[in-house]
Amino acid sequence: MTQPHKPPATISPLFINRFQVDEAAPFKRHLNRLEVEIAREDYAGLKRVELVEPLPSEAFFSPFEELTERLLHTTQNNYNHQLLKQLQIRVYLDVPNYHIYYRLPDRCIRFVPAWREKVLKRFFGQLPTRDSGWQDCSRLLAGFRCKYLADEAGGALLLRCGECDPKLPLLTVSHGPYDPHTLEVALYFLRFQQAGAALINLGFSGREPLADGNLQNLKRWGVPLNPSNIDVIYPYVDERGHPYCYKQEEGLCRYIHALGGAPPELIVDVHGYVGTHAEDERVLVGMGGLPPYPQFADLGQVEQRADVFHLLPDERFRRGLNMVRELSEEIYVQFCTDSHQAYHLGLLGGLQLIGRGFDPREEVSSMLAGEERSFLPKENIRWLPSAGANAKQRIEACKLESRALCLHVEIPTRIRRQIALRMKQWAINESLTSSSI
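Residue 145 in this note's numbering is what sits at position 148 of the sequence shown, and the numbering runs on without skipping anything.
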């Protein structure tokens, strides 16, 4: 009888760090602990908080949607819930501009989606407040056009290259603001004709943190919000109580229709994650961990020898893996074929996969107490197939005529930073070349 796998005797210091917190403060930071406290993800440009002076009149708020009761009803953060009531804060959303106002009796604070506005100005030169037509953006991406789709949750940016070749992957960046540099990763693939189109979510999903500079301003203005759960700033759910965080996955068919052309055969969903050590460069490709479960027959030909599985990907899967291989020398594919049957496979040089199967109930653990961040202790690698959004995207993809194959790609912090730096260097070089001409 095989012995159960035991966790390694030692754990990287990255995950046994004892955080220093101010016990006198009204909160302790929990959300984004890995991203903010450990990986040092840069969220400084995500949101900006401003003190609105002079104090706006009642008429100023009349065009806005009041969110106060919705937020009080839905927030799970008791501290922030009580703070809103104690300070008599009324919350308003300026839908077209995606600004949030905190209206107090004696002052007013505005939350500005700084990253979103930077992206829109980059592509459109202004801040569109309604659906735009297709516009040329060859200045940023040769041969590409862009379009803005408005909604009550920040809208989306659509990019396409002429008439999209359905064999070229469609990129989705479902958590654009929350996963730093994933937009740059998408632009990298588009720039080098590795993909034909992209859908970029510009709205927040309810878990994007406030940077420390914003927190200091709020504290100085007498509104010390708890940053460990910021769903009382930008709404996490719509007026029907449905989470905004799934808007792009659940609306996949609508977005693809807006792109025009034949539906894609392959979708690469780009995300960012924190690895299990500071230098982690392993890219993970999730094929599904919740129903509808993929089967080996959906992915290619499999051979089993003892406890080892060898998968020869089919043509579609090979295209996706070949594209992802641009990111790292270490690629791992993870998926479940049933609730208690999981697989972890490594990508070899010939685009073949080899690995093992296991019962996730026995081998998947949480890296940090109180955190829903799974990993495989035996390999000391993150485990991602539990993502519910991935299942929602695959359900929608089944409705497409092409029944697109969906790859959920998680890219570690280190690689995303490298790509963002490379894109910035290319932009500088092209600017210098243009100036010299």
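We treat Cβ as the ideally placed atom computed from N, Cα and C, and that holds for glycine.
Counterpart residues of residue i in DSSP-defined beta bridges
i, result
"residue 334", "The partner list for residue 334 (beta bridge, DSSP) is empty, contrary to what the question assumes."
"residue 310", "297"
"residue 326", "According to DSSP, which records beta bridges pairwise, residue 326 is partnered with nothing at all."
"residue 144", "155"
"residue 372", "362, 379"
"residue 408", "269"
"residue 339", "333, 355"
"residue 132", "143"
"residue 350", "308, 344"
"residue 240", "234"
"residue 264", "167, 403"
Distance CB(residue i)-CB(residue j) smaller than 8 Å
i, j, result
"residue 36", "residue 410", "yes"
"residue 221", "residue 33", "no"
"residue 231", "residue 201", "yes"
"residue 155", "residue 256", "yes"
"residue 387", "residue 266", "yes"
"residue 81", "residue 229", "yes"
"residue 406", "residue 321", "yes"
"residue 324", "residue 408", "yes"
"residue 78", "residue 69", "yes"
"residue 313", "residue 262", "yes"
"residue 145", "residue 133", "no"
"residue 138", "residue 167", "no"
"residue 92", "residue 38", "no"
"residue 42", "residue 112", "yes"
Same chain, Cβ closer than 6 Å to residue i, neighbours up to 5 away in sequence not counted
i, result
"residue 193", "158, 161, 162, 165"
"residue 253", "260"
"residue 284", "291, 332"
"residue 330", "282, 342, 350"
"residue 20", "Reliability fails at residue 20, whose pLDDT of 40 lies under 50, so the model's placement of it is uncertain and the value that follows must be treated cautiously. Hits under 6 Å: none found."
Cut-off 8 Å between Cβ atoms - residues of its own chain near residue i, not counting five sequence neighbours on either side
i, result
"residue 56", "none"
"residue 394", "249, 264, 400, 401, 402, 403"
"residue 358", "337"
"residue 211", "44, 45, 46"
"residue 351", "305, 306, 307, 308, 342, 343, 345"
"residue 356", "337, 338, 339"
"residue 23", "Any reading at residue 23 must be qualified, since the residue scores a pLDDT of 47, below 50, and its modelled position is unreliable; no value is offered."
"residue 180", "116, 170, 173, 197"
"residue 280", "321, 324, 325, 327, 328, 329, 406, 407, 408, 409, 412"
"residue 96", "90, 107, 108, 109, 110"
"residue 238", "71"
"residue 422", "none"
"residue 293", "299, 308, 334"
"residue 217", "none"
"residue 289", "388, 391, 392, 395"
"residue 31", "271, 364, 365, 368, 370"
Cβ-Cβ separation, residue j to residue i (assumed contact under 8 Å), whole Å
i, j, result
"residue 88", "residue 64", "5 Å"
"residue 147", "residue 126", "7 Å"
"residue 152", "residue 199", "5 Å"
"residue 414", "residue 178", "6 Å"
"residue 208", "residue 40", "5 Å"
"residue 142", "residue 131", "5 Å"
"residue 385", "residue 318", "At roughly 24 Å, the Cβ-Cβ gap does not stay under 8 Å, so residue 385 and residue 318 are not in contact."
"residue 241", "residue 203", "7 Å"
"residue 236", "residue 67", "6 Å"
"residue 98", "residue 58", "7 Å"
"residue 375", "residue 360", "7 Å"
Cutoff 7 Å; reference residue i; Cβ partners in own chain excluding five residues on either side
i, result
"residue 85", "101, 102"
"residue 182", "267, 408, 413, 416"
"residue 0", "For residue 0, the predicted structure reports a pLDDT of 44, less than 50, and the residue's modelled location is therefore unreliable. A value from the coordinates is still provided. Correct list: empty, nothing qualifies."
"residue 214", "46"
"residue 135", "141"
"residue 8", "Only weak support exists for where residue 8 lies, its pLDDT of 35 falling under 50; the value from the coordinates is given anyway. Once the five neighbours on either side are set aside, residue 8 has no close Cβ partner at all."
"residue 378", "273, 279, 329, 372"
Contained beta strand (DSSP E) runs [length at least 3] in the stretch 180 to 207, N- to C-terminal order: 194 to 198
Beta strand (DSSP E) segments (min. 3 residues) lying fully within the stretch 20 to 100: 45 to 48, 87 to 91, 96 to 100
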